[in-house]
């Protein structure tokens, strides 16, 4: 289910992209844009949103993400129209023990459906719920599941990266698995910068949703950044763009690495190849999002 449609385009249901969004929505100020973008993309068959934890920096981080998702749905007048299934409240304790949650059960249920279309599960934060789903139901490896992850440090060395740091065990489980993985490391997601001037011209004028998106981003920067700053990278949005346009950036197949405790890549050569993005087309991504927000505001009146 999405909130926008094109009157001149008819998408047969069997051609839509099956999507689940997993988001640490209240961690920073960019998840909100990616969530809205996904909700406004008519080529998506959105099966649900899973609020995720974002480590131990704040208590009850998953609940904070859940509240943020619900707020966005209210601003878009989509309350009750999009399934929201809570994810795990914390990281996996080890490589063998899942953290059961409604979010993990949603992934399992959708993955096990007899649907020939790939199921894209986009992760804007840690991979906890995907790893839990796999541990709870290993047969999902046999189904057509694509894990699209915003996370991991620069190739080929790696190093500290926030999304990975919030569940290294989960990342190792997924990278060692047979699931198809599309990784968008920090060198990709940091290059989706927008300035305040751009947001004030292209997002802020478009209703309560546009005002909220911009105001919460400016407020986050003001609270967390000491120097004067008038931009932010919308780093979660490439996951949405890659599902829309898989060849929207330069990528290559690489044997899946593993991760050590310092988050460096361990190139063992033991795992199947994954798709690793090196770039993504920020113009396509941002202009598509801006246009969809403007269209939504006009249609909503």
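In my numbering, the protein residues as written are 61 to 361.
Yeah, the Cβ is synthetic: ideal placement off N, Cα and C, and Gly gets one too.
Remember, it's a predicted structure, so these values are computed and weren't measured experimentally.
| Item | Value |
| --- | --- |
| Same chain, Cβ closer than 7 Å to residue 270, neighbours up to 5 away in sequence not counted | 263, 264, 353, 357 |
| Distance between residue 245 and residue 336 (C-alpha atoms, nearest Å) | 8 Å |
| Separation of residue 124 from residue 256, as counted between CA atoms | 25 Å |
| Straight-line Cα distance separating residue 340 from residue 208 | 14 Å |
| First and last residue of the uninterrupted alpha helix (DSSP H) at residue 105 | Where residue 105 is concerned, there is no enclosing alpha helix (DSSP H), although the beta strand (DSSP E) it sits in stretches over 104-111. |
| Where residue 340 sits in the DSSP three-state scheme | coil |
| CB of residue 298 within 9 Å of CB of residue 249, strictly | yes |
| DSSP bridge partner residues for residue 325 (one or two, in chain order) | 319 |
| C-alpha gap between residue 219 and residue 84, whole angstroms | 21 Å |
| Host alpha helix (DSSP H) of residue 280 (start-end) | 267-284 |
| Cutoff 7 Å; reference residue 189; Cβ partners in own chain excluding five residues on either side | 82, 110, 112, 147, 148, 161, 163, 164, 167 |
| Per-residue DSSP class, three states only, for residue 122 | helix |
| Through-space distance from residue 171 to residue 23, alpha-carbon basis | No information on residue 23 is available, as it lies outside the stretch 61 to 361 that the chain covers here. |
| Residue 203 - partner residues in DSSP beta bridges | For residue 203, which the question treats as bridged, DSSP gives no partner whatsoever. |
| Segments of 4+ residues assigned as alpha helix (DSSP H) that fall wholly inside the stretch 155-186 | 162-171 |
| Coarse secondary structure for residue 314, derived from DSSP in three states | strand |
| Residues that residue 78 bridges to, as DSSP identifies them | 105, 179 |
| Boundaries of the beta strand (DSSP E) in which residue 92 is found, first to last residue | No beta strand (DSSP E) holds residue 92; the alpha helix (DSSP H) holding it covers 91-99. |
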